[in-house]
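First the structure, in the form of structure tokens, and then the observations on it.
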Amino acid sequence: MKQLFALIALFYTALGHADTTLVFKLFPEKDSNQTYTYQIKDGLVRISEQGSNKISLYDKSKQLYQSFDKASGTISRIDKNILGQSIEHLNQQRLAKLAETEKLLQDKLKSRDDEDRRIAEALINQLKYPDIYGAHTFIKVEKTSGTKTINNIECQIYTIKRREEVLKQVCMASSSTLGMPETDYQSLRDFYHFNYSTQTQVMLAMGKSDFSHIDFEAENMPGIPIEIRLGSKQGNQLESLLHELNTGSLGSDLMQLPNTQN
Numbered sequence: 004m005k006q007l008f009a010l011i012a013l014f015y016t017a018l019g020h021a022d023t024t025l026v027f028k029l030f031p032e033k034d035s036n037q038t039y040t041y042q043i044k045d046g047l048v049r050i051s052e053q054g055s056n057k058i059s060l061y062d063k064s065k066q067l068y069q070s071f072d073k074a075s076g077t078i079s080r081i082d083k084n085i086l087g088q089s090i091e092h093l094n095q096q097r098l099a100k101l102a103e104t105e106k107l108l109q110d111k112l113k114s115r116d117d118e119d120r121r122i123a124e125a126l127i128n129q130l131k132y133p134d135i136y137g138a139h140t141f142i143k144v145e146k147t148s149g150t151k152t153i154n155n156i157e158c159q160i161y162t163i164k165r166r167e168e169v170l171k172q173v174c175m176a177s178s179s180t181l182g183m184p185e186t187d188y189q190s191l192r193d194f195y196h197f198n199y200s201t202q203t204q205v206m207l208a209m210g211k212s213d214f215s216h217i218d219f220e221a222e223n224m225p226g227i228p229i230e231i232r233l234g235s236k237q238g239n240q241l242e243s244l245l246h247e248l249n250t251g252s253l254g255s256d257l258m259q260l261p262n263t264q265n
């Protein structure tokens, strides 16, 4: 009986301390050895990439992203306030340059017909309001009727298109299929949303909208993307593939950047 209780205690201890490591290969069909890794523990997501000097850490509770550069010993931080300041600065720069262009264009269009002025106005609106008129607004996600089994893991196939052009095909695996602890799954999903929001806000503030970032929550795409394949115009290549999944316990020291340690 004592042995039985010991096994039960060990089982619940293992459950309580289960963490997650996900290793993805980049462009595996090119025999690339490049990988990037997510290590998830207690609401923290550690991101590293083979060959990179940077190690990043995302804290779900603080909505804080920190990146440590091993080469320079410096650390950068992004949170809501820092992002807001950067977005405001980028918008001011973009709109100041655009105001000069708009004035020059209006002067040149004084002698042109209404159709030319209409086209010019549409172009200015795209530059002035990229969040409303940008190329990203034509992106749509389609859930297909197909599934795949990758390394014995079943995933749901989604197609990402801009108008009718296929940009990517993404295969999403559920947390239960992966065997991930739900808390780790939610932490990684939260990082996906933070990463999407940060990248798109910066790109739009710079006036760039020809990107294919996807907000999985907004598009109702549950799961983890274990395979991403590019569309035919991008070479129909396998962009990333889940290579390794481990739910063993991770050390707390691993989830701290050098100048955040106590």
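To convert, take the position in the sequence shown, counting from 1, and add 3; that gives this note's numbering. All residues carry an ideal CB built from backbone N, CA and C; glycine is no exception.
Contact under 8 Å by Cβ, Val48 with Leu191: yes
Extent of the continuous beta strand (DSSP E) to which His246 belongs: Leu241 to Asn249
Bridge partners - Ile140, DSSP secondary structure assignment: Note that residue 140 is Thr in the sequence shown, not Ile. Per DSSP, none; premise fails for Thr140.
Lys131, enclosing alpha helix (DSSP H) - first and last residue: Asp117 to Lys131
Inter-residue Cα distance where the pair is Tyr199 and Lys106: 34 Å
Given Ile153 as reference, the closest of Glu32, Met175 and Thr250 once Cα atoms are compared: Met175
N- and C-terminal bounds of the beta strand (DSSP E) containing Glu32: From DSSP, Glu32 is part of no beta strand (DSSP E); its letter is neither H nor E.
C-beta contact flag for Val169 and Gly234 at 8 Å: yes
Where Gln221 sits in the DSSP three-state scheme: Gln is not the amino acid found at residue 221; the sequence shown has Ala there. Of the three classes helix, strand and coil, the one that applies to Ala221 here is coil, per DSSP.
Identity of the residue in Asp193, Gln95, Gln69 and Lys151 nearest Tyr132 by Cα: Gln95
DSSP three-state assignment for Met175, whether helix, strand or coil: strand
Option nearest Val144 by Cα separation, candidates Tyr161, Lys151 and Asp134: Tyr161
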